[in-house]
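J.: My questions all concern the structure below.
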Amino acid sequence: MKMTDRMTKEERHRCMAAIKGRDTRPEMTVRKYLFSRGLRYRVNVKKLPGSPDIVLRKYGVVVFVDGCFWHGHKDCKLYRLPLTNVEFWKGKVAKNTARDYVNNVDLELEGWRVIRIWECEIKTKEQREERLERLYKEIISGSPWKKPRKRRKKKIRYYNDYPEDFNIAAEPDFEE
Ligand SMILES: [Zn+2]
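Under our numbering, the first residue of the sequence shown carries the number 47, and numbering increases by one thereafter.
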């Protein structure tokens, strides 16, 4: 199917941004803000699940800045399906949403705190100021990240390891 001739300018723009998958405008806004608050981070970290947009290792936080359309923001007015090929777009968005979920779980299992920001949360100046301030606080509120400990092999305790008076705690012996 030819996608390009069916999309409005706005849709096409979102599409391109999603394909490039980086350096979208909302993402840059968030990055700049965090930088201005003195935080340092890495961006588009490919070796972590979902290639998080912003990674603050020191705080154990990953931040995603999600486009409302592509990530299927429920009840959001930026999530408007195009009038044509509705099923196609629905399927695409559903896939993205499912993948986001899996990535969240994988990241959390690795010990990361995952913060997702919707594009619509930082649309206007007032929203932006409020949301980004909240984001900053959320990031620095957490304890510094400790690398998850490798699971130690369970030490097998043999009977001989018990102290000699171990039997004291055993059932009383009634047959004197
Ligand atoms: Zn939204």
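C-beta: ideal position from N, C-alpha, C; glycine also.
Values in this document were obtained by computation on a predicted structure and should not be read as measured data.
Verify the contact flag: residue 164, CB atom, against every heavy atom of ligand 1, threshold strictly below 6 Å.
T.: Working through the sequence shown from its first residue, we reach residue 164 at position 118. Checking the Cβ of residue 164 against ligand 1 gives yes.
J.: Pull up the CB-CB distance for residue 149 and residue 95, whole angstroms please, since I reckon it's below 8 Å.
T.: Working through the sequence shown from its first residue, we reach residue 149 at position 103. Working through the sequence shown from its first residue, we reach residue 95 at position 49. So it is a contact: roughly 4 Å between Cβ atoms.
J.: Report buried or exposed for residue 121, applying the criterion of at least 16 other Cβ atoms within 10 angstroms of its Cβ.
T.: Here residue 121 is taken as the residue at index 75 of the sequence shown, counted from 1. By the 16-neighbour rule on beta-carbons within 10 angstroms, residue 121 is exposed.
J.: Can you tell me where the beta strand (DSSP E) holding residue 101 begins and where it ends?
T.: Counting from 1 along the sequence shown, the entry for residue 101 is found at position 55. Start and end: 100-102.
J.: List the DSSP bridge partners of residue 116.
T.: The residue you call residue 116 lines up with position 70 of the sequence shown. Looking at the DSSP assignment, residue 116 forms no beta bridge with any residue, so it has no partner.
J.: Among 111, 93, 89, which residue has its Cα nearest to the Cα of residue 101?
T.: On the sequence shown, position 55 is the one that residue 101 refers to. Of 111, 93, 89, the smallest CA-CA separation from residue 101 is found for 89.
J.: With a 10 Å radius around its C-beta and 16 neighbouring C-beta atoms as the bar for buried, classify residue 178 as buried or exposed.
T.: Within the sequence shown, the letter at position 132 stands for residue 178. Buried: at least 16 other Cβ atoms inside 10 Å.
J.: Could you pull the start and end residues of the beta strand (DSSP E) that residue 163 belongs to?
T.: What you label residue 163 is simply residue 117 of the sequence shown in a count that begins at 1. For residue 163, the enclosing beta strand (DSSP E) stretches over residues 159-164.
J.: Starting from the C-beta of residue 71, find all residues in its chain whose C-beta is less than 6 Å away, skip the five residues before and the five after it, and write them out in chain order.
T.: Here residue 71 refers to the residue found at position 25 of the sequence shown. Nothing listed; no residue qualifies.
J.: Does the beta-carbon of residue 188 have 16 or more other beta-carbons within 10 angstroms, so that it is buried, or is it exposed?
T.: Mapped onto the sequence shown, residue 188 falls at position 142. Flag for residue 188 reads exposed.
J.: Let me know if residue 84 comes out buried or exposed under the rule of 16 or more other beta-carbons within 10 Å of its beta-carbon.
T.: Taking the sequence shown and counting its residues from 1, one reaches residue 84 at position 38. Under this definition residue 84 is an exposed residue.
J.: Which first and last residues belong to the alpha helix (DSSP H) in which residue 152 is found?
T.: Residue 152 sits at position 106 when you count from the first residue of the sequence shown. Counting along the chain, the alpha helix (DSSP H) containing residue 152 begins and ends at 132-155.
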